[in-house]
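Residue numbers (my numbering): 62 to 322.
The block underneath contains the structure these notes are about, expressed in structure tokens.
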Amino acid sequence: MTCDEYGFAEFALYLRQEGVEGTEPERSRMTRHVKECVDCQIKLDDVRTILEGFPQGISPLRPPSSLREKTLAAAFAARSPAEVKAQPEGAKRHTRGLFARDLFGRLLTISAQRWLVVSTLALLFVSGTLSVKVALDHSQLTELQAKLAQQKVAAYELKPTSLARQAVGKAIVEQNGGELHVYVVISHTLPTQGNQVYHVWLWRNGSRISAGMFHVDRSGQAVFQGSLTGAWAGLNGIGITLEPNANTTTPVGPKVFGAQL
Numbered sequence: 062m063t064c065d066e067y068g069f070a071e072f073a074l075y076l077r078q079e080g081v082e083g084t085e086p087e088r089s090r091m092t093r094h095v096k097e098c099v100d101c102q103i104k105l106d107d108v109r110t111i112l113e114g115f116p117q118g119i120s121p122l123r124p125p126s127s128l129r130e131k132t133l134a135a136a137f138a139a140r141s142p143a144e145v146k147a148q149p150e151g152a153k154r155h156t157r158g159l160f161a162r163d164l165f166g167r168l169l170t171i172s173a174q175r176w177l178v179v180s181t182l183a184l185l186f187v188s189g190t191l192s193v194k195v196a197l198d199h200s201q202l203t204e205l206q207a208k209l210a211q212q213k214v215a216a217y218e219l220k221p222t223s224l225a226r227q228a229v230g231k232a233i234v235e236q237n238g239g240e241l242h243v244y245v246v247i248s249h250t251l252p253t254q255g256n257q258v259y260h261v262w263l264w265r266n267g268s269r270i271s272a273g274m275f276h277v278d279r280s281g282q283a284v285f286q287g288s289l290t291g292a293w294a295g296l297n298g299i300g301i302t303l304e305p306n307a308n309t310t311t312p313v314g315p316k317v318f319g320a321q322l
């Protein structure tokens, strides 16, 4: 049986010793519950691993304005907004130590571990430098849960190429009115060096569109957030290449990750 008494936000606040829902009695009740609940002990260990493993203070890179104008012009054609439909994965049983072996291996399961999906989105739905923040209130978490239930968020596994066979990648795609939001979490991949960047490309109807660029830290981990304007029905795939610099308008470096949507 899976215990749904507490979710990621509560566990994160508990670990940060900031209380749960702002009350010491609730924190004490949670302490007693965790001592008696093996499933929550496992979840607490996983949340601790996530908070320790996420890179801090990663700044997303924006493509040059000329690149965005050139590659996104076709995407801005006036069309009715369309939702990106989710493709739910099958349920997977919660297993102790799974995050230790593969930090992001089951971030995006949308059934039995929906609490973890919401947790991931809670980490990624931030602005600015994309520092790890756990600041979503109950209403925001409820909104994310509703999006998952209505299949407005699609989750995909990014398959690594031979360049980084041990790498793990996940992507979340959300159509929100006239904007498309793309979130990428990767680990165990090649760190960027010098002027190198990872470039996120979207495929639609045979056309390649830039979604943005990011750096990967020395531990091989990164979090990326990109937003594009326009109606985005018919996306076919996501590709991530390792480019020599941020000025390339078409891929010149090797492909590192890919997924068919």
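The C-beta atom is built at its ideal place from N, Cα and C for all residues, glycine as well.
Please read these numbers as outputs of a predicted model, since none were measured by experiment.
Heavy atom of the ligand ATP within 8 Å of residue i beta-carbon
i	result
Q236	By its list of ligands, the structure shown contains no ligand whatsoever, and the ligand ATP lies outside what it can speak to.
Whether residue i touches residue j by CB criterion (9 Å)
i	j	result
Y244	G287	yes
G314	L303	yes
Of the residues the options, the one placed nearest residue i, counting alpha carbons only
i	options	result
I301	L76, A228, I103 and S89	A228
P312	S271, N237 and A283	S271
V317	V277, L289, S268 and N297	V277
E218	H242, I247, N308 and E85	I247
N308	F72, D106, G273 and L76	G273
G239	E85, V108 and T290	T290
A225	Q236, Q282 and C101	Q282
H249	L241, N237, Y259 and S280	S280
Cα-Cα separation, residue i to residue j
i	j	result
E66	Q257	44 Å
A232	G319	10 Å
I299	L263	5 Å
P305	K104	39 Å
L19	S268	Only positions 62 to 322 of the chain appear in this structure, which leaves residue 19 out of reach.
C98	C64	8 Å
L407	F285	The requested residue 407 is not part of the displayed model; the chain covers only 62 to 322.
P221	T253	16 Å
R13	N266	Only positions 62 to 322 of the chain appear in this structure, which leaves residue 13 out of reach.
T310	V234	23 Å
W176	G68	Because the pLDDT at W176 is just 39, under 50, the model does not fix this residue reliably, and the value given afterwards should be weighed accordingly. If you take the alpha carbons of W176 and G68, they lie about 6 Å apart.
S223	A216	23 Å
L76	D107	11 Å
G255	G230	23 Å
I101	T92	According to the sequence displayed, residue 101 carries Cys and not Ile. Taking the straight line from one Cα to the other gives about 10 Å.
V261	H242	12 Å
F328	F72	Not covered by the structure: residue 328. The range shown for the chain is 62 to 322.
K96	E85	17 Å
R109	R88	17 Å
Q236	H94	38 Å
Per-residue DSSP class, three states only, for residue i
i	result
H94	helix
P121	Per-residue confidence for P121 stands at a pLDDT of 45, beneath the threshold of 50, marking its modelled position as unreliable; the derived number appears in the next sentence. The answer is coil: DSSP assigns P121 none of H, G, I, E or B.
R88	helix
A225	helix
Q102	helix
G314	coil
L76	helix
E66	coil
Beta strand (DSSP E) runs wholly inside the stretch 270-312, at least 3 long, in chain order: 283-290 and 296-304
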